[in-house]
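Protein chains in written order, with the working numbering: chain A, 1 to 257; chain B, 258 to 386; chain C, 387 to 952; chain D, 953 to 1381. Heads up, the beta-carbon is just placed ideally off N, CA and C, and yes, glycines get one too. All figures in this text were calculated on a predicted structure; none of them were measured in a lab. Written below as structure tokens is the structure these notes are about.
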Amino acid sequence: MRVILETKKCSKPFLPIEAESIIPRNFLKGTDLTVYEGNKERALSELFWIFVEGTAVSPDKVEVVLKGDTSRVKRVGEYMDTGTIRIVGDIGMHCGNFMSGGLIEIGGNADAWLGREMLDGSIICRGNAGHYCASGYRGEKHGMKGGRVEVMGNAGDFCAEYLTGGEVYIHGSCGDMAGVEMKGGQLVIGGDATRPCGNMKDGTCMIFGTVHRMLPTFTKTGTQLLPDHKVAMEVYTGDVANRGKGTLMVSSRVPAR
Amino acid sequence: MKAILNTGRTIPQGVAVEHKGSPGYRAAVSVCHMNPVDLMDLGIEEGALVVLTSRAGSIVLSTSASEEINRGEVFVPLGPYANHIISAETHATGMPDFKSEPVDVVPTDKQVKDIDGVMESIGGVRYDH
Amino acid sequence: MTELMVKNACVIDPLNRINTEMMDIAIRDGRIVESVSGNADVIDAKGCLTLPGGIDSHTHVCGTKVNFGRYMSPEDMRAGRTARSGKMHVTSGYYVPTTYGNSYRYSRMGYTTLLEGAMAPLEARHTHEEFTATPHQDMLANTLFDGNWSVMEAVQKGDVRRVAAIVAWTLTAVKGYSIKLTNPGGTEAWGWGEDVTSIHEQVPNFNVTPAEIITAMIAANEMLRLPHSVHLHCNNLGKPGNYRTTLETFDLVPDRNKERQSLYATHVQFHAYGGTTWRNINSKAEEIARSVNAKPQIVMDMGQIMFGRTMTMTADGPMEFKLYCLHHNKWSNHDVELETGSGIIPVLYSKKSLVNCVMWAIGLELALLTKNPYQCLLATDNPNGAPFVKYPEIIGLLMSKRYRDEEFATLHDGTGQRTAISSIDREMDWNEIAIMTRAGQAKALGITTQGKGHLGVGAEADVAIYPIRCRDVDPSTEYRKVVEGFQKTMYTIKRGRVIAREGEIIVEGANSTFWVNPSVPEEISVASDPEFVKKFEEYYTVRMSNYPVQDVYLPRGKCIRTEAVL
Amino acid sequence: MIIKDVVCPFCGCLCDDLDVEVDGQKILKVQNGCALADATLTGSNRLPAPIRRTDAGWEETSYDDAIRDAADILLSADRPLLYGWSSTHGEAQSIGVHIAELIGGVIDNTSTVCHGPSILAIQEVGHPGCTLGQVKNRADVVVYWGCNPMVAHPRHMSRYTTFATGFFVPEAQRGREVIVVDTRRTESAEIADEFIRIERGGDYEVLSALRAIVQGKTSVLPREIAGVSREQLIRVAEICKKAKFGAIFFGLGLTMSPGKSKNVRNAIELTDELNRHTKFIISPLRGHSNVYGSNEVFTWISGYPYAVDFSRGIAFYNPGETTAVDILRRGECDAALIVASDPGAHLPHSAAAHLAKIPTILIDPHQTATTPLCRIQIPCTIAGIDAEGTAYRMDGVPLRYKKLIESSYPDDADLLRRIHDRIREVQGA
């Protein structure tokens, strides 16, 4: 089954829309769902043109497609456990929060907190991701615990903050403090990063571009050749400021400090 | 001249902050403090006017020389002038970069606006009673 | 004039020796009366269990450190969220809920009076502000004196009259209810990052020992004829082997008051550990209970822990730092100048942890081994041992051996060797539970004369009606019905008004705060003592005139005046 | 008449030892206060009456009409923002939160552009702190990091640290070592025993290095960290470890620099580490008078200290999303209520400009930089001058502002209560 949701023109286009109801499982029972526009609860059909093609007997066979200006639509795919969501353009904050299964594919850019506290499943973002991509929540001591987030473009600051498990792959560059408070999982950054992995306790971070302002509290333990990537990496352990046992690998083509 | 804009509190700003209509407040917050060598590089004397331009906008300010300021940095006291050119990007922390806005500093012969004038330039309407 | 009649109530009112009697309760203008007119509103209790409003004699719900617990825990605020609706404000939080969250949940469980366990005098205004925002319960504030410089100086000089005078001035100034000592002397030592490890160790720079502070405060408390006794959080909380300190402390206590105990020892579960390290910790509940059974001058509360996430918060700063070094989660500390300290850290009590299982067993053992239920009251030191919403489960555990056995079977294997819980057969009855949750608490706090904790004529009409038919339920086997029944009243009545019905809060609250004003002879009063005033102005960072809490903070304050007998 | 022991409503120190000479409706003289206290208590530029702006320009209006209009604006909004709250008392703040929950608004206070990042850091790792008297009576080492108390909190040093005598520190200047850490040699740095000058934005690195040194892992470190020599940091770490009681005060240099909350978190974790060796506390130097009170009040009502979004009925919190600057920058809100602060002066204009596009109500005693942006301004009393009420000092000590003079202005709590009641009335109908 395929459900296509296309945004309607609205009088206040800057109001955020909170749409955690947009997960594949919910459409098995129909499209009679509600979302919040600002502080008003609205029927999904007030804000979206809804087209349904085919039927499905189980939620994993449901594909939801979002079209139009979805950059202000938040929480799409929150608590999603199966099925597929494809977003043609940009998507608002908190896409895929707490996701535990299925696939979210974003054609454009994703706003902040993409895949926050994710448990399992996959997110692919073809554009750039905002700040706190694949991160944790305020005050919580763990972030993403499992699954995979792949961003073809760049990610903002605090990417993979508190990463606890799973894999985060940023093909482009990250902003400031990627992998800060990391305690597990794997973070791969194809491009550059600034001050990565502060306070890291565990897990692995690989950076193939340039590291700006490497933190002073990482100990270099050797070099390692990564056959898959045909590149030699400098290997660091840290963050020693936090008795950390994390591994930070930096492409040795460029000076680390 | 490229510089990094820092903002913060000063005693004159704090003293005048509850007297926002006063010339004292305007004078306290419409000044760009900079290293004397940078002033020389710009070819201007202390007190001359400059325009600061950032990704957020531009503003005309007077200048003041201060040895405490590093070269390549400028300091504008907290207030409507500094905020006219501070970007509202917060890196998803809620807090703008009040202490690290890249700016371009150029001498100017334009005038320093009064506060209402600054507010008018962002859509405000002056109230005179 | 408003009148209310509760018909067909199955009443347990231990202080009036009423035990599961079917009767009607007449209420006029907030008080229990002999009878009401035919125009009274009528509530049909349908034969269900009807008790005086519940009283928590030791809970942390209002004030600086409780609010800091909230402030630092946005992750907890994601639990227990309800929207504004009807008369109810927004609520957030599970183990450190907002003030309205606390108030509504206590109301739902039939609780109408709470004693805030720890108020730093310097920050009393904050506690009173939050009392006003906890609108459905009458409030009382335990006032901290454990590290009070003036008190320690007077104790050092052996001047109990001066101790009494300082207490009198402070309680009146901050509108406190009773004397609280938290790790006496230890909180001052923590000002230097140290602690005291026995009741006979000197407090740094003050030449007094915890034992001397406790003894002098008990004497001062009785001199001032305060309604409640000294309320003590013993030294060495949470340390293996600390039961010796607790027993030594109990041995210090004379029997000074005919009406009530002379010492209220709080959350004794945390003070009843044998062993020497966390590896060999074991239960010494039996030793503690034996001591209490022989000493009518002591009342304690359980300090029960229940499994799950919660927040520990106490004035015992050094203990919290030790706990932080174990858990390495987050740690807040807040020392209060010249007075006390405090610490806050989140914890997870887990059935996989043998230490936690031993703690769980000790709390229950204390209650079950204490013969007189008036001497061991039900509390978790909310939220330290568990959030108070767990009380119904604790009631279930106390009433059913079977429930305990079933729980015990899920615990760490080593629990049986370290504790005696599985060999205790006692099952508490309804009357004993009523004592442990209201009558005993009212008596211990000295508020029966304020009309609390009973349903006799003249009492405050605080009534809880639970959907339990005591005569048809066998708690021993049907403990789930007991637990469910105590979770949500059919009606909670506060001062004659129905505030909660089937769990829904239906009115805006209008609570009272009880506070004491003990008067001492002018010649020993410290307010006019130049020495006291000079030291105050020199070492506090607030002016003495700005210290007292103004009346405006207690919109419905109830002052209890006492005359000191020196 | 002289009123003694007056609580100053300027900065977060809330000095409560001012003597103020008044003559009924006028403040004549202020004693004991700093220059800022003096200027605050004798402030000018008060708006005489409510005003509103129509297409024809500004006009005076009545309190009744202004309150009705304000309530109507808030009632019809889909995403109202309620911002400010630091320069008033707890009583007004509390009603503000209740209005927000009634109308499904977002309420934020000025900590969002002050110590909001400190709050985020505390939420990650906690806060080992104390009341200021502990510092005054005990501290033999005091660190000021990224702050300039001589300017922003002029009496902090004389009341609590450098120049204050305390019970265990009878000779202030000899008894205390003062360390200042900053990117520039500030007025405060001039009087420090040790000044650490850090490259701009290098706080995080230096804090990490200090944590490693305190743990004895010096060998890992390079010779220079963000412009500071390793030797100086080793020396400073030793001073801290040898302290009997150490105190770190930090300011906007940490909260506003890149890394934001992570800088503060690192400073807190340094403090935790130092507590394994001696006693150490850390505290933000909170700014606007009662901003800490707004955090306290917001927290006990909603569970969160700032940036609370009630649009779904329940309270939701996520600084960066529900904070005033972000909501304004994205142009989300369609109405605003500004109370006791001046976003026109203190928020970036690319955010504040949105206030001019929507119906903005301003409740403030003064004509400010926000006045030109609003549609309605309702003047009120000033907490601590012509109104009394509760204020929380930067260390959490609650004090009561005194009413010093009589005025004809209504208390902002009363104005807000009337707006609140009007909203309830309309919603109930």
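Notebook entry, point to check: Any residues in the stretch 1020-1031 of chain D with a beta carbon nearer than 9 Å to a beta carbon of chain C? Which ones, in chain order?
Noted result: none
Margin query: Is V553(C) a contact residue of the ligand HEM, with contact defined as CB to any heavy atom under 7 Å?
Written below: By its list of ligands, the structure shown contains no ligand whatsoever, and the ligand HEM lies outside what it can speak to.
Margin query: Are the CB atoms of G1265(D) and G1056(D) within a distance shorter than 8 Å?
Written below: The Cβ atoms of G1056(D) and G1265(D) lie closer than 8 Å to each other.
Margin query: What residue range does the beta strand (DSSP E) around H617(C) cover?
Written below: 616-619
Next item on the list: Spatial neighbours of G146(A) within its chain, please: CB distance less than 6 Å, with the 5 preceding and 5 following residues excluded, ordered by chain position.
Entry: L119, D120, G165, G166
Notebook entry, point to check: Residues of chain B with CB under 9 Å from A129(A), in chain order?
Noted result: None at all; the shortest Cβ gap to chain B is about 11 Å.
Check: How many whole angstroms separate the CB atoms of M1346(D) and C1099(D), which I take to be in contact at a CB cut-off of 8 Å?
Finding: Not really, about 12 Å apart at Cβ, beyond 8 Å.
Check: When the Cα atoms are used, what is the spatial distance from D937(C) to L44(A)?
Finding: 53 Å
Margin query: Under DSSP, the beta strand (DSSP E) around P334(B) begins and ends at which residues?
Written below: 330-334
Item checked: M822(C) and P759(C) closer than 8 Å at C-beta -> yes
Notebook entry, point to check: Would you call the CB atoms of K1355(D) and D1366(D) closer than 8 Å?
Noted result: no
Notebook entry, point to check: Does R257(A) come within less than 8 Å of chain B when only Cβ atoms are used?
Noted result: Here R257(A) scores only 45 on pLDDT, less than 50, and its place in the model should not be relied on; the value that follows carries that caveat. With 8 Å as the cut-off, R257(A) does not count as an interface residue toward chain B.
Notebook entry, point to check: Using a Cβ-Cβ cut-off of 6 Å (strictly less than) and excluding sequence neighbours within five positions of V722(C), which residues of its own chain qualify?
Noted result: A506, L508
Notebook entry, point to check: Looking only at its own chain, which residues have a Cβ that is under 7 Å from the Cβ of I1279(D), when we skip the five neighbours before and after it?
Noted result: L1033, V1058, C1285
Next item on the list: Could you tell me which chain A residues have their CB closer than 8 Å to the CB of Q1075(D), listed as they occur along the chain?
Entry: R138, G139
Note to self: Tell me which residues of the stretch 7-19 of chain A have at least one Cβ-Cβ distance to chain D shorter than 8 Å, keeping chain order.
What the structure shows: Those would be K12, F14, L15, P16, E18, in chain order.
Notebook entry, point to check: Which class does H1318(D) belong to by DSSP, given the choice of helix, strand or coil?
Noted result: Three-state DSSP puts H1318(D) in a strand.
Notebook entry, point to check: Quick one, which residues of the stretch 1205-1234 of chain D are near chain A if we go by CB-CB under 7 Å, in chain order?
Noted result: P1210, G1211, K1214
Next item on the list: Answer with yes or no whether the minimum CB distance from A349(B) to chain A is below 8 Å.
Entry: yes
Next item on the list: For the stretch 703-734 of chain C, enumerate the residues whose C-beta is nearer than 7 Å to any C-beta of chain A, in chain order.
Entry: N715
Margin query: According to DSSP, is K1193(D) part of a helix, a strand, or is it coil?
Written below: helix
Checklist line | C-beta neighbour in chain C for D239(A), strict 8 Å | finding: no
Note to self: Suppose contacts are defined by Cβ-Cβ distances below 8 Å. Is Y384(B) in contact with W1037(D) by that definition?
What the structure shows: In this structure, W1037(D) does not lie closer than 8 Å to Y384(B) by Cβ.
Margin query: Using beta carbons (cut-off 8 Å, strictly below), is S315(B) in contact with chain D?
Written below: no
Checklist line | Contact list for D81(A) against chain B, beta-carbon separation under 8 Å | finding: The premise fails here: D81(A) is roughly 26 Å from chain B at the closest Cβ pair, so nothing lies under 8 Å.
Notebook entry, point to check: Skipping 5 residues on each side, what residues in its chain have a beta carbon closer than 7 Å to that of T1312(D)?
Noted result: Answer for T1312(D): A1288, I1290, L1325, C1326, R1327, listed in chain order.
Check: Does the stretch 1254-1264 of chain D come within contact of the stretch 30-44 of chain A, defined as at least 3 CB pairs closer than 8 Å?
Finding: yes
Next item on the list: State the beta-bridge partners of S287(B) as determined by DSSP.
Entry: None, per the DSSP bridge assignment.
Note to self: Is the separation between the beta-carbon of V1087(D) and that of Y1112(D) shorter than 8 Å?
What the structure shows: yes
Check: What separation, rounded to the nearest whole angstrom, lies between the Cα atoms of V776(C) and R611(C)?
Finding: Note that residue 776(C) corresponds to Lys in the displayed sequence, not to Val. Rounded to whole angstroms, K776(C) to R611(C) spans 35 Å at the Cα level.
Checklist line | CA-to-CA distance, C205(A) to K183(A), given in whole angstroms | finding: 11 Å
Item checked: Sheet register partners of Y497(C) (DSSP bridge) -> G440(C)
Margin query: Please report the distance separating the alpha-carbon of R1370(D) from that of V1378(D).
Written below: Roughly 12 Å separates the two Cα atoms.
Note to self: Taking the alpha carbon of C10(A) as the reference point, which residue from F48(A), N97(A), D90(A), T217(A) has its own alpha carbon closest?
What the structure shows: F48(A)
Margin query: Distance check for N394(C) and M409(C), CA to CA, integer angstroms please.
Written below: 6 Å
Check: Would you say P460(C) reaches chain D, if we count a Cβ-Cβ gap shorter than 8 Å as a contact?
Finding: yes
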